[in-house]
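Below is one structure; the comments refer to it alone.
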Amino acid sequence: MKHLLLFVISLISFFGYSQNNTIAFGEKLVFTASYNMSGLLTDIAEVKMETSKISTSSSTLMRLKCTAATYSNFDSFFKVRDLYESYVSPKSLTPYLYKRDINEGGYYKFMQYKYRRKAKSVESIKKKRRSDGTIWEEKKQISIGSNTKDLVATLYTLRNLDIHKANVGDASSFKVLFDNQESTVVFKYLGKETISTAIGRKECYKIAISLRDSDVLKGNNSNIIWLTADANKVPVFAKFKIPVGNGELKIKSATGLKN
Amino acid sequence: MKNVFVIFGFISSILAVILSITPLYKLALFPVIIAFLCGLGLVFLSRKKQIKTKAIQYIFLLSIIALSFTIYKSIFQKAEVGNTEELEKRDESSEEEAIKELEDIEIDI
Numbered sequence: 039m040k041h042l043l044l045f046v047i048s049l050i051s052f053f054g055y056s057q058n059n060t061i062a063f064g065e066k067l068v069f070t071a072s073y074n075m076s077g078l079l080t081d082i083a084e085v086k087m088e089t090s091k092i093s094t095s096s097s098t099l100m101r102l103k104c105t106a107a108t109y110s111n112f113d114s115f116f117k118v119r120d121l122y123e124s125y126v127s128p129k130s131l132t133p134y135l136y137k138r139d140i141n142e143g144g145y146y147k148f149m150q151y152k153y154r155r156k157a158k159s160v161e162s163i164k165k166k167r168r169s170d171g172t173i174w175e176e177k178k179q180i181s182i183g184s185n186t187k188d189l190v191a192t193l194y195t196l197r198n199l200d201i202h203k204a205n206v207g208d209a210s211s212f213k214v215l216f217d218n219q220e221s222t223v224v225f226k227y228l229g230k231e232t233i234s235t236a237i238g239r240k241e242c243y244k245i246a247i248s249l250r251d252s253d254v255l256k257g258n259n260s261n262i263i264w265l266t267a268d269a270n271k272v273p274v275f276a277k278f279k280i281p282v283g284n285g286e287l288k289i290k291s292a293t294g295l296k297n
Numbered sequence: 202m203k204n205v206f207v208i209f210g211f212i213s214s215i216l217a218v219i220l221s222i223t224p225l226y227k228l229a230l231f232p233v234i235i236a237f238l239c240g241l242g243l244v245f246l247s248r249k250k251q252i253k254t255k256a257i258q259y260i261f262l263l264s265i266i267a268l269s270f271t272i273y274k275s276i277f278q279k280a281e282v283g284n285t286e287e288l289e290k291r292d293e294s295s296e297e298e299a300i301k302e303l304e305d306i307e308i309d310i
């Protein structure tokens, strides 16, 4: 029990969390996604991560948008056009609205989470396309923790952590809502490494990502992300292992950075 | 032994040609290597025993065609994103809808 408590406390305290001083409005990161087939890497899609300013009648929010589109030679084979969005507070990166609109090889799915922060709940809408082409819809009310975020907001929150204060082996966990299920994502700091990227040779923080009690992100330290060891903490390279193989995400360009 | 080389050689070389014209053309390298090895095995056998060399020619021809396609695609085919017009439309309409949805949410920044 003592060890368990120590572990929980250490998870919370290793990485410090601060106000957003990393992500700016108008930032645009472009990546190439490659799939590893028997040791041969094949470029399959372009992934973009963009931020923009959204104004409502009462507040200004940051829109975090991630899109994925397969390259033209793969379109006739397996066409992917995915759109992930999270509308967050520009100061704390707390999400208020999340949307996931995916179209992968004819498979269509839409998810929307409306966060009710005070009630610690989420109004979820799920839409799927049936085989006959009609759409079915499911609405749900889900209870969540006070710090639960969606996948996109969590990815940006990782960049906002005070990684420079962490020691090698330190870990931090986050509650993530995905497919109406609350899961725990663990980020483990593995140290610094200098790698060559399309935006130059960069010293990077090497961080392992794992999903507790899930098969989606498999393996120990097999899903690794490299963030530049500067004030922008730009994700420049990622290696991931999924149940159907493994792949890489390499940066192509980075514009509109804050620092 | 000769039949094994001929069967494996033909299967590999045909598979290599098929793979080389798909987006997974890089995978064609593996069957090309197997087909070449089978072809070499048949050449070795044909020197020992007097056997027909027609099969060897076909295996090498198909392997060279597959290899040519693979090399050509690796050099000249650029990775470009296809038509994203529909995605852009979804993106715009989603943003407009999101602004309406956000009006209904209590935001405490």
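If you read the protein sequences in the order shown, they are chains Z and B.
In terms of this note's numbering, the first sequence has 238 at position 200, counting the first letter as 1, and numbering is strictly consecutive.
In terms of this note's numbering, the second sequence has 246 at position 45, counting the first letter as 1, and numbering is strictly consecutive.
C-beta atoms are modelled at their ideal positions from N, C-alpha and C, and glycine is treated no differently.
It should be emphasised that the depicted structure is a prediction, and the values quoted were computed from it without experimental measurement.
Sorting Z:LEU67, Z:PRO273, Z:MET75 by C-alpha distance to the C-alpha of GLY285 (chain Z) places Z:MET75 at the top.
The CB of LYS137 (chain Z) comes closer than 7 Å to the CB of SER295, ALA299 in chain B, given here in chain order.
For ARG119 (chain Z), the enclosing beta strand (DSSP E) covers residues 118-126. By the Cβ neighbour-count rule, GLY242 (chain B) is buried, with 16 or more other Cβ atoms within 10 Å of its own. When beta bridges are read from the DSSP output, GLN150 (chain Z) appears opposite Z:LYS137, Z:ILE163.
By the C-beta density criterion, PHE261 (chain B) is buried, having at least 16 other C-beta atoms within 10 angstroms. Of all residues in the region 257-281 of chain Z, none comes within less than 7 Å of chain B when Cβ atoms are compared.
Runs of alpha helix (DSSP H) with 4 or more residues, each lying fully within the region 170-232 of chain Z, are found at 189-197, listed in chain order.
A contact is defined here as three or more CB-CB pairs under 8 Å, and the region 115-133 of chain Z meets this definition with respect to the region 187-197 of chain Z.
Per DSSP, reduced to three states, the secondary structure at PRO232 (chain B) is helical. For PRO273 (chain Z), the closest of Z:ILE280, Z:CYS242, Z:SER248, Z:ARG250 by C-alpha to C-alpha distance is Z:CYS242.
The region 90-107 of chain Z makes no contact with the region 208-225 of chain B: fewer than 3 CB pairs, one atom from each, lie closer than 8 Å. If you check each beta-carbon in the region 155-171 of chain Z against every beta-carbon of chain B, the ones closer than 8 Å belong to ARG155, LYS156.
Between the region 133-144 of chain Z and the region 295-309 of chain B, the count of C-beta pairs closer than 8 Å reaches three or more; the two stretches touch. Annotation for TYR273 (chain B): the continuous alpha helix (DSSP H) segment containing it runs 255-277.
From the listed residues B:ILE308, B:ASN284, B:LYS274, B:GLU293, the smallest Cα separation to TYR226 (chain B) is found for B:LYS274.
Put simply, the backbone Cα of ILE237 (chain Z) is about 6 Å away from that of SER291 (chain Z). The C-beta of LYS129 (chain Z) comes closer than 8 Å to at least one C-beta of chain B.
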